[in-house]
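Here's the structure, in structure tokens; my notes come after.
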Amino acid sequence: MMMRFGSSLLLAVALFAGSGSPVAAGDEAPAGSATDLVFRAELSVAEAKEVIRELVQRQKAWDILLPNLTTLSPEVAEAIARPGGFYRISLPALAWLSPESARALALRTGDLDLPGIATLAPDTAAAFAGHKGHLELSGLKSLDVEVAAALARHSGHLCLSGLTELNPAAAAALAKQAKHLSLPGLTAISVDTARVLSLHRGRSLTLAGLTEIPAAVAEAFASHEGELVLPRIAACSAAAAAALARHVGPLTLDGSFVLTAEIAALLAGHRSTLTLPGRSHLSADVALALADHEGALSLPGIGMLDDDVAAVLSLHRGVLCLPALVSLTATAAEALSIHQGTLVLSGLTMLEPGAAAALLRHAGDIDLYQLTQTSRLDSAEIAALLAGKTPLLTLPNVQRLETLASAAVAGALVDAGGAVSIPNLRAATAETMAILLSRGNVSIPALDTVDLLPEPLLER
12 MMMRFGSSLL LAVALFAGSG SPVAAGDEAP AGSATDLVFR AELSVAEAKE
62 VIRELVQRQK AWDILLPNLT TLSPEVAEAI ARPGGFYRIS LPALAWLSPE
112 SARALALRTG DLDLPGIATL APDTAAAFAG HKGHLELSGL KSLDVEVAAA
162 LARHSGHLCL SGLTELNPAA AAALAKQAKH LSLPGLTAIS VDTARVLSLH
212 RGRSLTLAGL TEIPAAVAEA FASHEGELVL PRIAACSAAA AAALARHVGP
262 LTLDGSFVLT AEIAALLAGH RSTLTLPGRS HLSADVALAL ADHEGALSLP
312 GIGMLDDDVA AVLSLHRGVL CLPALVSLTA TAAEALSIHQ GTLVLSGLTM
362 LEPGAAAALL RHAGDIDLYQ LTQTSRLDSA EIAALLAGKT PLLTLPNVQR
412 LETLASAAVA GALVDAGGAV SIPNLRAATA ETMAILLSRG NVSIPALDTV
462 DLLPEPLLER
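Each residue of the sequence shown is one higher than the one before, starting from 12 at the first, in my numbering.
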């Protein structure tokens, strides 16, 4: 825990030194230096406000670690929570919490890490119901049904990493949790427990401790409607893959298991979103098997796409997500142009003009977020692609259009016909400006704020 929050703690120590923050009217002046306050076992309301004021308001820290705090009154909890703050609070020494203090902490939208809480009364657990952030209670090693039912009222991401066992009755109570439920301490799970957890109707159920999933357990999860996340699977049999393919909701499957063409073909039978995050490379036969998948197929680990793999992935119909790709050859782009569905290429930062022209022929939508963030737009083909595939295109980082290609770029943006905004344009040639304004679909800053540049000379 200290390692995770060490940077923010060092930031606090370094920046608190010599701090002389004024005390708000009505607050009792905090005793001791601001540096000392971080390490206190107990804080007054004024001292708690001083800690948050210095770290959050002035230093913009996102992780607040109070390593020695053992006592937390409702008033101090409210001062620390600061409703609306998105920073993370960790209180590792806090071993007990009243319902009133829990309710005050729950007012915030940021994350809460309370690893020292080893036991939790049902009324205290229920007091977290309104919290919408990530609640980590790693100190809980066991869970009775009453506490599980109370925690299930939590409105955000509930993580119980200290649980190494979970009986079906407690699992059934937890299954009523409505958002994100994470149980990373479970290294094995019975069929009965899996069956009741499958009743979880929240957005996701994450079981990061499972390294192997028997076919019977996978089958028990088949009716689960939320996302099932299994990030550390080391072994996946054909029978387990076939059972996982029957899972109703989205499926995220990662780990060191061998993704053979046979396993890929079985997983391709899944009918919702299938995400395989850890695959940085696919063989053509595995890609061909996955191309049969009829739901959204997400491969967020692939940073480079071989031309032959692009050719077989183009056979996929639906949403194809390749968000980690930073570049794409013209041959690969040509192959993907026949893909039927939506392409997510949100990580592309480099694209040859020929590749851009090929992608423009793609019949569906294309997510090109990183390309829209470019500061240098000097390819008419890329401009045409962005304008043709991005509804309400905004180019926030383009400040100058001054190259030989700028007039052609402007023409491509105008000819696409959709709305285009270049909100921070500071300089452009007169010809480029005239083209941008010719049809009324391109929005730029007021003319008196844009410098007119001389036309660039042709290179000899």
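All C-beta atoms, glycine included, are put in the ideal place defined by N, C-alpha and C.
Per DSSP, what kind of secondary structure is residue i in: helix, strand or coil?
i: Asp462; result: strand
i: Asp155; result: coil
i: Thr443; result: helix
i: Thr204; result: helix
i: Leu404; result: strand
i: Asp296; result: helix
i: Val477; result: The chain is shown only over 12 to 471; residue 477 falls outside these bounds and no answer can be derived.
i: Val49; result: coil
i: Val409; result: coil
i: Ala279; result: coil
i: Ala57; result: helix
i: Leu396; result: helix
i: Ala250; result: helix
i: Ser454; result: strand
i: Leu424; result: helix
i: Ala438; result: strand
i: Leu26; result: Reliability fails at Leu26, whose pLDDT of 37 lies under 50, so the model's placement of it is uncertain and no value is given.
i: Pro467; result: coil
i: Val269; result: coil
i: Leu285; result: strand
i: Ser417; result: helix
i: Leu146; result: strand
Would you call residue i buried or exposed, if buried means 16 or more other Cβ atoms sit within 10 Å of its Cβ?
i: Ala36; result: Any reading at Ala36 needs caution, since the residue's pLDDT is 37, under 50, leaving its predicted position unreliable; the model's value is listed next. So Ala36 ends up on the exposed side.
i: Ile313; result: buried
i: Ala343; result: buried
i: Gln188; result: buried
i: Gly451; result: exposed
i: Lys400; result: buried
i: Val461; result: buried
i: His292; result: exposed
i: Ser101; result: buried
i: Ser309; result: buried
i: Arg15; result: At Arg15, the pLDDT of 40 sits below 50, so the modelled position is not reliable and the matter cannot be decided from this model.
i: Gly17; result: In this predicted model, Gly17 has a pLDDT of only 44, less than 50, meaning its place in the structure is not dependable; the value taken from the coordinates is given anyway. It counts as exposed.
i: Thr440; result: buried
i: Leu458; result: exposed
i: Phe232; result: buried
i: Glu466; result: exposed
i: Gly260; result: buried
i: Phe139; result: buried
i: Ser55; result: buried
i: Arg387; result: exposed
i: Pro402; result: exposed
i: Pro33; result: No answer about Pro33 holds up, because its pLDDT of 38 lies below 50 and its placement is not dependable.
Select from the options the residue whose C-alpha is nearest the C-alpha of residue i.
i: Ala307; options: Gln351, Ala344, Ile63; result: Gln351
i: Leu185; options: Asp203, Leu162, Glu61; result: Leu162
i: Gln381; options: Val337, Ala374, Ser417; result: Val337
i: Ala279; options: Ser294, Glu305, Glu363, Thr443; result: Glu305
i: Ala226; options: Ile377, Cys247, Gly237; result: Cys247
i: Ser172; options: His142, Leu151, Asp319; result: Leu151
i: Ser325; options: Leu301, Pro334, Met315; result: Leu301
i: Ala253; options: Arg282, Glu236, Ala418; result: Arg282
i: Asp203; options: Glu230, Gly220, His191, Glu223; result: Glu230
i: Ser417; options: Gly428, His142, Leu464, Leu379; result: Leu464
i: Leu412; options: Thr443, Gln384, Leu404; result: Thr443
i: Thr175; options: Ala250, Leu388, Gly220, Ala341; result: Gly220
i: Lys143; options: Pro126, Ala369, Arg99; result: Arg99
i: Ala104; options: Arg212, Thr82, Glu89, Gln410; result: Thr82
i: His327; options: Ala346, Ser386, Arg206, Glu86; result: Ala346
i: Leu356; options: Ser432, Leu316, Ala322; result: Leu316
i: Leu448; options: Leu424, Trp73, Asn435; result: Leu424
i: Lys190; options: Ala181, Ile446, Leu146; result: Leu146
i: Ala249; options: Leu48, Trp73, Phe268; result: Phe268
i: Asn435; options: Val420, Pro456, Ala421, Leu415; result: Pro456
i: Thr263; options: Arg51, Ser454, Ser193, Leu287; result: Leu287
i: Asp74; options: Asp124, Ala52, Ala251; result: Asp124
i: Thr385; options: Ala374, Leu370, Thr405; result: Thr405
i: Leu2; options: Thr340, Thr130, Asp378; result: Any question about residue 2 goes unanswered here, given that the chain covers just 12 to 471.
Report whether the distance from the Cβ of residue i to the nearest heavy atom of the ligand ZN is below 6 Å.
i: Ala250; result: Summarising the ligand content, the structure contains no ligands, and the ligand ZN is consequently not present.
If we cut at 7 Å on Cβ distances, does residue i have a partner in chain C?
i: Ala104; result: This model lacks chain C altogether; it includes just one protein chain.
In chain order, what are the residue ranges of uninterrupted beta strand (DSSP E) at least 3 long that sit wholly in the stretch 322 to 390? 328 to 332, 351 to 355
Could you tell me which uninterrupted beta strand (DSSP E) segments, each at least 3 residues in length, are contained entirely in the stretch 166 to 223, listed from first to last along the chain? 168 to 170, 191 to 193, 215 to 217
Starting from the N-terminal side, write out each stretch of the beta strand (DSSP E) that is 3 residues or longer and does not extend beyond the stretch 65 to 136. 74 to 76, 99 to 101
Contact between the stretch 364 to 374 and the stretch 391 to 405 (3+ Cβ pairs under 8 Å): yes
Between the stretch 194 to 205 and the stretch 153 to 167, can you find at least three pairs of beta-carbon atoms closer than 8 Å? no
Could you say if the stretch 107 to 127 and the stretch 152 to 160 meet the contact criterion of at least three C-beta pairs nearer than 8 Å? Contact fails: fewer than three Cβ-Cβ distances are below 8 Å.
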